[in-house]
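From first to last, the protein sequence lines are chains A and B.
When you line the first sequence up against my numbering, it's residues 1 to 122, in that order.
When you line the second sequence up against my numbering, it's residues 123 to 270, in that order.
Note that CB positions come from ideal geometry on N, CA and C, so glycine has one too.
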Amino acid sequence: MDETAKIKTLNQASSVKRDLEAAADNLYRLNLSQEDTDTKKRQYEEAVEKIENLKVIKLALAFDPSTDFVDKMWQIVAQKMGEGIVLDIALDKSLIGGVVIEHDGQHQDYSLRRIFNAKTKL
Amino acid sequence: MVLGLGLVWIVQQYRSTLDALAKAKKQVDLTDEIEKLVEETAQEFKEEIHTSLTKSAEAIEAQMTTALEEFRADLAKKAASFQESFTRKLDEEFTGVSRELEEYRKKRYDEINREVERLIKDITQEALGRAIEPKDHEELVTKALEKL
């Protein structure tokens, strides 16, 4: 089973990557044949490489999202940008509401703070 | 004869005494003249000295008066100049301090304004954030992500 398919967030990616690296280091404990060991090791390394190549989309939110909503956000973003993405979610209550998105060097502010600041600028 | 000799002796003594008296009188007269001359000379000398001293004193007084007047005039001039300079310096200092005070007041006023503005914003943002329901938060995010 492809472990990387379940990855939606950067935290999950880091966790899976650590697990894969640990598993690769412990292959010798399984007493597998050299061929199987090499095959497994190559699979782990490919999986780690795949994780490292995921495109990171940074999202700043004003609330702590549920797991379901994280999945929903990932689906929307993946639909727009392709599946090789991972969300790096940060909590920033000063945003009031909405989201700030950063990807490929772009900064898109869809927060209520931006609107609030624009309306209250003296 | 003895009487005659006695009379002659008396006469001689008398004449001798008269001569001595005449001589003494002459000496007395001479002394008076000298005294008189000395007195007159002294008086003249005194008057001369007095006159000279009076002239010198007058000259010194005149010089002193002139010098004093010049000193007074110079002092008054310097005092006026100093006063003018001091007043100008004081005005400059006062203007400078007033300007600094005004700048400081404006700076503090701006700082307080910014701080009040920031506080109001923070409180308003906090209140707004709390007022928004989780489903509304999710809807806002969903709409934003769909714009990608």
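Local Cβ density within 10 Å of residue 9 (chain A), reported as buried at 16 or more and exposed below that: As a first step, residue 9 (chain A) must be located in the first sequence, where it is residue number 9. Around the CB of residue 9 (chain A), 16 or more other CB atoms lie within 10 Å, so the residue is classed as buried.
Continuous alpha helix (DSSP H) stretch holding residue 15 (chain A): start and end: Within the first sequence, residue 15 (chain A) is the residue found at index 15, counting from 1. Run containing residue 15 (chain A): 10 to 25, per the alpha helix (DSSP H) assignment.
Whether residue 97 (chain A) touches residue 262 (chain B) by CB criterion (7 Å): By 1-based counting over the first sequence, the position of residue 97 (chain A) is 97. By 1-based counting over the second sequence, the position of residue 262 (chain B) is 140. Here residue 97 (chain A) is near residue 262 (chain B), since their CB atoms are less than 7 Å apart.
Start and end residues, beta strand (DSSP E) containing residue 90 (chain A): Position 90 of the first sequence, counted from the start, is the residue given in the question as residue 90 (chain A). 85 to 91 is the span of the beta strand (DSSP E), which, as asked, contains residue 90 (chain A).
is_contact[residue 86 (chain A), chain B] using C-beta, thresh 7 Å: Start at 1 with the first residue of the first sequence, and residue 86 (chain A) comes out as number 86. Residue contact with chain B for residue 86 (chain A): absent (no Cβ-Cβ distance below 7 Å to any residue of chain B).
Cα-Cα separation between residue 221 (chain B) and residue 243 (chain B), rounded to whole angstroms: Against the second sequence, residue 221 (chain B) aligns to sequence position 99. Against the second sequence, residue 243 (chain B) aligns to sequence position 121. Those two C-alpha atoms are separated by around 32 Å.
Burial state of residue 131 (chain B) (16 or more Cβ within 10 Å): Counted from its first residue, the second sequence places residue 131 (chain B) at position 9. Residue 131 (chain B) comes out exposed.
Where the alpha helix (DSSP H) through residue 267 (chain B) begins and ends: For the purposes of this step, residue 267 (chain B) is taken as residue 145 along the second sequence, with counting starting at 1. Secondary structure note for residue 267 (chain B): its alpha helix (DSSP H) is the uninterrupted segment 256 to 267.
Interface flag, residue 238 (chain B) vs chain A, CB-CB below 7 Å: Residue 238 (chain B) sits at position 116 when you count from the first residue of the second sequence. Not one chain A Cβ lies under 7 Å of residue 238 (chain B).
The stretch 33 to 45 of chain A touching the stretch 227 to 235 of chain B, judged by at least three CB pairs closer than 8 Å: Segments in contact, no.
Short CB-CB distance (under 7 Å) between residue 245 (chain B) and chain A: As a working note, residue 245 (chain B) is residue 123 in the second sequence. No, residue 245 (chain B) lies away from the interface with chain A (no Cβ there is under 7 Å from its Cβ).
Distance between residue 209 (chain B) and residue 229 (chain B) (C-alpha atoms, nearest Å): Start at 1 with the first residue of the second sequence, and residue 229 (chain B) comes out as number 107. Start at 1 with the first residue of the second sequence, and residue 209 (chain B) comes out as number 87. Straight-line Cα distance between these residues: approximately 30 Å.
Paired residues, beta bridge with residue 60 (chain A) - DSSP: Residue mapping note: residue 60 (chain A) aligns to position 60 of the first sequence, counting from 1. DSSP lists A:90, A:100 as partners of residue 60 (chain A).
Residue 140 (chain B), buried or exposed, once every other Cβ within 10 Å from all chains shown has been counted against 16: By 1-based counting over the second sequence, the position of residue 140 (chain B) is 18. Within a 10 Å sphere around the beta-carbon of residue 140 (chain B) sit fewer than 16 other beta-carbons, which makes this residue exposed.
The stretch 77 to 86 of chain A contacting the stretch 238 to 253 of chain B, beta-carbon criterion three pairs below 8 Å: Result no; under three Cβ-Cβ pairs closer than 8 Å.
C-beta neighbour in chain B for residue 97 (chain A), strict 7 Å: As a first step, residue 97 (chain A) is located in the first sequence; it is residue number 97 there, counting from the start. With respect to chain B, the C-beta atom of residue 97 (chain A) has a partner C-beta closer than 7 Å.
Cβ-Cβ distance between residue 51 (chain A) and residue 17 (chain A) below 7 Å: Here residue 51 (chain A) is taken as the residue at index 51 of the first sequence, counted from 1. Here residue 17 (chain A) is taken as the residue at index 17 of the first sequence, counted from 1. Against a cut-off of 7 Å, the Cβ pair of residue 17 (chain A) and residue 51 (chain A) comes out as a contact.
Residue 263 (chain B) at chain A interface by Cβ criterion, 7 Å: Looking up residue 263 (chain B) in the second sequence gives position 141. Yes, residue 263 (chain B) counts as interfacial toward chain A.
Residue environment, residue 194 (chain B), which counts as buried when at least 16 other CB atoms sit within 10 Å: Start at 1 with the first residue of the second sequence, and residue 194 (chain B) comes out as number 72. Only exposed fits residue 194 (chain B), as fewer than 16 other CB atoms lie within 10 angstroms of its CB.
Under 7 Å from the C-beta of residue 28 (chain A): neighbouring residues of chain B: Taking the first residue of the first sequence as position 1, residue 28 (chain A) is located at position 28. Close to residue 28 (chain A), with beta-carbon spacing below 7 Å, lies no residue of chain B; the smallest spacing is near 45 Å.
The stretch 89 to 96 of chain A / the stretch 55 to 71 of chain A touching (three or more Cβ pairs under 8 Å): Yes, they touch.
Where the beta strand (DSSP E) containing residue 110 (chain A) begins and where it ends: As a working mapping, residue 110 (chain A) is identified with position 110 in the first sequence. It spans 106 to 111 - the beta strand (DSSP E) in which residue 110 (chain A) sits, taken as one unbroken run.
CB contact flag (residue 59 (chain A), residue 115 (chain A), <7 Å): In the first sequence, counting from the first residue as 1, residue 59 (chain A) sits at position 59. In the first sequence, counting from the first residue as 1, residue 115 (chain A) sits at position 115. No, they are not a contact pair.
Chain B contact residues for residue 10 (chain A), given Cβ-Cβ distances below 7 Å: For the purposes of this step, residue 10 (chain A) is identified with residue 10 of the first sequence, where counting begins at 1. Against chain B, a Cβ distance below 7 Å from residue 10 (chain A) picks out nothing, because the smallest value is about 17 Å.
Residue 76 (chain A) beta carbon less than 7 Å from that of residue 267 (chain B): By one-based count along the second sequence, residue 267 (chain B) stands at place 145. By one-based count along the first sequence, residue 76 (chain A) stands at place 76. Less than 7 Å divides the Cβ of residue 267 (chain B) from the Cβ of residue 76 (chain A).
Terminal residues of the alpha helix (DSSP H) in which residue 78 (chain A) lies: For the purposes of this step, residue 78 (chain A) is taken as the residue at position 78 of the first sequence. That run of the alpha helix (DSSP H) goes 67 to 81.
Cβ-based burial, residue 7 (chain A) [other Cβ within 10 Å; buried from 16]: For the purposes of this step, residue 7 (chain A) is taken as residue 7 along the first sequence, with counting starting at 1. Per the 10 Å Cβ criterion, buried.
Sequence-distant residues of the same chain with beta carbon closer than 7 Å to residue 99 (chain A), five excluded per side: As a first step, residue 99 (chain A) must be located in the first sequence, where it is residue number 99. 59, 60, 61, 110, 111.
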